[in-house]
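Asker: Following the working numbering, the numbering of the sequence shown begins with 206 at its first residue and continues without gaps.
By construction, the Cβ of each residue, glycine as well, lies at the ideal position given by its N, Cα and C atoms.
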Amino acid sequence: MELIVLGAGPAYTDRPGAFGAAYLLRHADASLLLELGQGLFPSLMGELEPSDLQGIVVSHLHPDHFIDLVPLRHYLRYEWHPPRHVRVTGPGDLNRRLDALHDEPEWAECVLDLDPLAEGERTIGPFRLESRRVTHTADSYGFRVTIDGQPSGPALVYSGDCGKAGDLLRLVRPGDLLLTEIGWGAGPAPVGGVHLDGHSIAAMAAEARPSRILLTHIQMGYDLDEALASVRNGYPGDVSFVWPGDRFTV
């Protein structure tokens, strides 16, 4: 399974090119997209024909994780005759949020087939998706993705946006590749902040023992080197930031 980083930014930033979240997984001829944040539909188009996706998975209903479903909807509706459909797995209120943008009932579902997200496992094409709630919004999830039929092999674990590193212990197993937000940089995270800092990531990883940690979604104003050091000081494995265009083998 290949991980292709299309976007790895927070809701806003002063770092050029650091757009919202979008992570493409590919296996053989199949593709699964985790998130589709702001400005990332063109990046998706640069990698594959979007209507060929086995599915899109949205972790929670903050726009930097789903708002480019809007141009995708237009593309599927107006560039294909008849329109094509893509399966979207996300929190159950997603369709209503999208419909409200245009004040039009069933605006999204004419081409986006919503699969309501809940805890548990499901198969999307050849991908096996395990979903677990994490602390962020009232309906937020982290994911563990494997190839169906290979449940014991290394997986990609994606934190989504997550305010408690301990929530990820339900997903990470020894040897997994962990893609995790580090919104508060080196930290410390503010009281009530619903993102992670480097020290909490390191403490969780020391227990869960992933093979590698990929950091993403750092907020504006936090130092990258300090954030890296805060994780490396408590975790002996490989740690790096991801940026658009990066590719990894899981």
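Taking the alpha carbon of residue 298 as the reference point, which residue from 349, 342, 348 has its own alpha carbon closest?
Answerer: Position 93 of the sequence shown, counting from 1, holds the residue named residue 298. Ranking 349, 342, 348 by Cα distance to residue 298 puts 342 first.
Asker: How is residue 450 classed by DSSP in three states: helix, strand or coil?
Answerer: One-based indexing of the sequence shown puts residue 450 at position 245. Residue 450 falls in the coil class under three-state DSSP.
Asker: Checking 8 Å against the spacing of the C-beta atoms, do residue 270 and residue 346 come in under that value?
Answerer: The count along the sequence shown starts at 1 and reaches residue 270 at position 65. The count along the sequence shown starts at 1 and reaches residue 346 at position 141. The answer is no: Cβ separation not under 8 Å.
Asker: DSSP on residue 377, reduced to helix/strand/coil?
Answerer: Position 172 of the sequence shown, counted from the first residue, corresponds to residue 377. Here residue 377 sits in coil by DSSP.
Asker: Any idea if residue 355 is buried or exposed, counting beta-carbon neighbours within 10 angstroms, 16 or more meaning buried?
Answerer: As a position in the sequence shown, residue 355 is number 150, starting the count at 1. It is exposed - the Cβ of residue 355 has fewer than 16 other Cβ atoms within 10 Å.
Asker: So, helix, strand or coil for residue 406, using DSSP?
Answerer: In the sequence shown, counting from the first residue as 1, residue 406 sits at position 201. Reduced to three states, the DSSP call for residue 406 is helix.
Asker: Taking the alpha helix (DSSP H) that residue 305 belongs to, which residues open and close that run?
Answerer: Counting from one through the sequence shown, the residue named residue 305 turns up at place 100. Its alpha helix (DSSP H) spans residues 299-307.
Asker: Would you say residue 340 and residue 364 are within 8 Å of each other, going by their C-beta atoms?
Answerer: Within the sequence shown, the letter at position 135 stands for residue 340. Within the sequence shown, the letter at position 159 stands for residue 364. No, the pair does not count as a contact, with Cβ atoms beyond the cut-off.
Asker: Ignore the nearest five residues each way along the sequence and tell me which others in residue 344's own chain have a CB closer than 6 Å to its CB.
Answerer: Taking the first residue of the sequence shown as 1, we reach residue 344 at position 139. Only 296 meet the Cβ criterion.
Asker: Judging by CA-CA distance, which residue of 233, 404, 336, 378 is the nearest neighbour of residue 359?
Answerer: On the sequence shown, residue 359 is found 154 positions in, with the first residue counted as 1. Per the Cα distances, 378.
Asker: What separation, rounded to the nearest whole angstrom, lies between the Cα atoms of residue 319 and residue 331?
Answerer: Within the sequence shown, residue 319 is the residue found at index 114, counting from 1. Within the sequence shown, residue 331 is the residue found at index 126, counting from 1. Cα-Cα distance, rounded: 19 Å.
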